[in-house]
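Below you can see the structure in the form of structure tokens.
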């Protein structure tokens, strides 16, 4: 139940972020005064505060604990979404997106740290494989539900009200079921029994490489693809809002199943680093035709990309607790990852729209997304491989 409460709130955080892209082709843009060059900031503002809060979130988690941090996350989503529903101009909308982004900054750190605190190291791959789908699950929900809510409500504001209501439900869920995991008191119990837990020095170089790789991943995945793929499908392939949102979500629908499976495989064969390498270089290949003129290749992309996404996310989230080694350092490791994760999404959302306007969709992907994916792959290769002896010590 603890895991479910955290997982549900994580999904709604992602939903809050991605409820916007399917609305970019409606009156949302003209009503609030956005242009093709500035609309990307609706997504970037959300991730900007996520990047700013990444390291403070680690401190907030350490000082307040997981439950209070999750409560703050839910409240930020409620206030931000409700404020956005009342927005009358671009500035007001961006301010409310900034408030919602507080939730993204917190959940990116607090979520996996809370999960890691209740799951033993030998099962981190499976646990983080399941946790890793919080982001794509929210994307799937947003891409498929928001067009229907828009059609029923007749306004984009209905989706903002829905987001606020769901966040309120998540808040009640957390308050009702969250309890302090027994493992959080583990060190005190060890001290009482006269045996201090063994401390292992974190491998911060590898954690930084993981974070840089994941930052690159989010430049093109959360920023370019997540923020603009529905608009690309509507523009190039003349699809309506509902269909473009559904096709854009196929990758994340498949990840819902592939994420846990990849976690089991990562645990069994200890290939956490290999998953990140595969995801980055695989994406580099797929992005060469992701924004092209061929609809059959669009289907190839959204299906094949799911394997890269499942591997990369699972590899990242399952690796950090292993390279942090000391449970007390997991929060800091997640903060480093969250900073680059949100920074990447912010850069991608802000830059890709303008580049696409100047160069066209396909050239923007070739000139911007593909090189970023290759850089991320190189960072993944630089991650130190865990030796079987180190793996055994961490599990013990």
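Residue numbers (the numbering used here): 1 to 396.
Using N, Cα and C, we set each Cβ at its ideal position, and we do this for glycine too.
As the structure is a computational prediction, the values presented were derived from the model and not from experiment.
Cα-Cα separation between residue i and residue j, rounded to whole angstroms
| i | j | result |
| --- | --- | --- |
| residue 325 | residue 381 | 20 Å |
| residue 384 | residue 271 | 12 Å |
| residue 27 | residue 311 | 37 Å |
| residue 194 | residue 201 | Note that residue 194 has pLDDT 43, beneath the 50 cutoff, so the model's placement of it is unreliable and the number below is only indicative. Answer to the nearest angstrom: the Cα atoms are 22 Å apart. |
| residue 206 | residue 323 | 7 Å |
| residue 346 | residue 178 | 31 Å |
| residue 242 | residue 370 | 28 Å |
| residue 237 | residue 114 | 43 Å |
| residue 5 | residue 298 | 35 Å |
| residue 185 | residue 117 | Low per-residue confidence applies at residue 185: pLDDT is 45, beneath 50, and the placement is therefore not dependable enough to give any value. |
| residue 234 | residue 120 | 46 Å |
| residue 31 | residue 368 | 30 Å |
| residue 209 | residue 276 | 11 Å |
| residue 399 | residue 217 | There is simply no residue 399 to check, as the chain begins at 1 and stops at 396 in what is shown. |
| residue 8 | residue 329 | 25 Å |
| residue 161 | residue 269 | 45 Å |
| residue 363 | residue 356 | 8 Å |
| residue 110 | residue 254 | 25 Å |
| residue 100 | residue 78 | 8 Å |
| residue 67 | residue 273 | 31 Å |
| residue 70 | residue 112 | 12 Å |
| residue 45 | residue 215 | 16 Å |
| residue 29 | residue 292 | 25 Å |
| residue 386 | residue 123 | 16 Å |
| residue 247 | residue 302 | 8 Å |
| residue 331 | residue 64 | 13 Å |
| residue 21 | residue 10 | 19 Å |
| residue 108 | residue 289 | 30 Å |
Proximity below 8 Å, CB of residue i to CB of residue j
| i | j | result |
| --- | --- | --- |
| residue 404 | residue 93 | Here the chain covers residues 1 to 396 and nothing more, so residue 404 does not appear. |
| residue 256 | residue 140 | yes |
| residue 55 | residue 340 | no |
| residue 150 | residue 159 | yes |
| residue 167 | residue 19 | no |
| residue 279 | residue 319 | no |
| residue 49 | residue 15 | no |
| residue 81 | residue 170 | no |
| residue 47 | residue 349 | yes |
| residue 53 | residue 126 | no |
| residue 360 | residue 314 | no |
| residue 251 | residue 104 | no |
| residue 57 | residue 343 | no |
| residue 304 | residue 287 | no |
Near the ligand GTP: residue i beta-carbon under 7 Å from a heavy atom
| i | result |
| --- | --- |
| residue 15 | The ligand GTP is not part of this structure, which contains no ligands at all. |
Residue closest to residue i, alpha-carbon to alpha-carbon, out of the options
| i | options | result |
| --- | --- | --- |
| residue 175 | 75, 11, 55 | 75 |
| residue 240 | 318, 358, 23 | 23 |
| residue 40 | 264, 59, 17 | 17 |
| residue 353 | 227, 264, 248, 334 | 227 |
| residue 372 | 281, 132, 73 | 281 |
| residue 172 | 157, 230, 73 | 73 |
| residue 91 | 38, 265, 351 | 38 |
| residue 42 | 131, 95, 132, 148 | 95 |
Burial state of residue i, where buried means 16 or more other Cβ atoms lie within 10 Å
| i | result |
| --- | --- |
| residue 136 | buried |
| residue 267 | buried |
| residue 376 | buried |
| residue 62 | exposed |
| residue 225 | buried |
| residue 245 | buried |
| residue 260 | buried |
| residue 336 | buried |
| residue 295 | exposed |
| residue 358 | exposed |
| residue 258 | buried |
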